[in-house]
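Residue numbers (this note's numbering): 1 to 125.
Input: a single structure, listed below in structure tokens.
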Amino acid sequence: MRLLLLILLLVWSPALAGSPSGPKSPNGGWMIEDADHVIQDEILWTGKIQGVKLQKYQRTQQWNEYTYSQGRDTNKISQEVIGGFQKRGWKVKKSANGTITGTKGDMDLTVTITSKTLVVSIGQR
């Protein structure tokens with residue numbers, strides 16, 4: 001009986017501790033947390049992109065959207081985003097339609113810039 005209780009305790013302990021569910025990345029972290037961590041490091045490393053304060057607008061498990069000051073040139077923002085990711089080891093390029101794509105290890109990046117928002121998606125291949 002004690003052995004059964006010990007086994008049950010070991011099995012249920014992670015669930016009781018609030019372990020997240022979902023797919024794990026190869027480094028052992030959880031993908032959603034990893035994506036948030038990367039976005040914090042790569043996009044909001046100082047809370048700004050070249051003096052533009054970014055504010056989280058909406059978040060789901062796949063998308064992260066940030067607002068920025070209206071009237072900014074989206075080409076300049078694209079250059080700043082590309083430069084920021086490249087500094088941190090991402091291979092980044094801008095497509096003809098203005099979408100920024102990139103890779104780092106087994107992670108893929110997509111950044112879409114509109115007149116009001118910056119939408120960032122980071123996922124595992």
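A virtual CB, placed ideally from N, CA and C, is assigned to each residue, including glycine.
For the beta strand (DSSP E) containing residue i, list its first residue and its last residue.
i: Ser121; result: Thr117 to Gln124
Check the C-beta distance from residue i over to residue j and give it rounded, since I have them as a contact under 8 Å.
i: Lys94; j: Ile82; result: 6 Å
i: Leu118; j: Trp90; result: Between Trp90 and Leu118 the Cβ distance is about 15 Å, and since that is not below 8 Å, they are no contact.
i: Met107; j: Gln86; result: Incorrect: roughly 15 Å between the Cβ atoms, too far for contact.
i: Thr74; j: Ile113; result: 5 Å
Within 10 angstroms of the Cβ of residue i, are there 16 or more other Cβ atoms? Answer buried if so, exposed if not.
i: Gly102; result: buried
i: Gly84; result: buried
i: Gly29; result: A caution first: Gly29 carries a pLDDT of 45, below 50, which makes its placement in the model unreliable, though a value can still be read off. Per the 10 Å Cβ criterion, exposed.
i: Gly105; result: exposed
Give the DSSP bridge partners of residue i, in chain order.
i: Asp108; result: Thr103 and Gly123
i: Ile113; result: Leu118
Could you spell out the range, first to last residue, of the alpha helix (DSSP H) harbouring residue i?
i: Val75; result: The identity of residue 75 in the sequence shown is Asn, whereas the question assumes Val. It spans Thr74 to Lys87 - the alpha helix (DSSP H) in which Asn75 sits, taken as one unbroken run.
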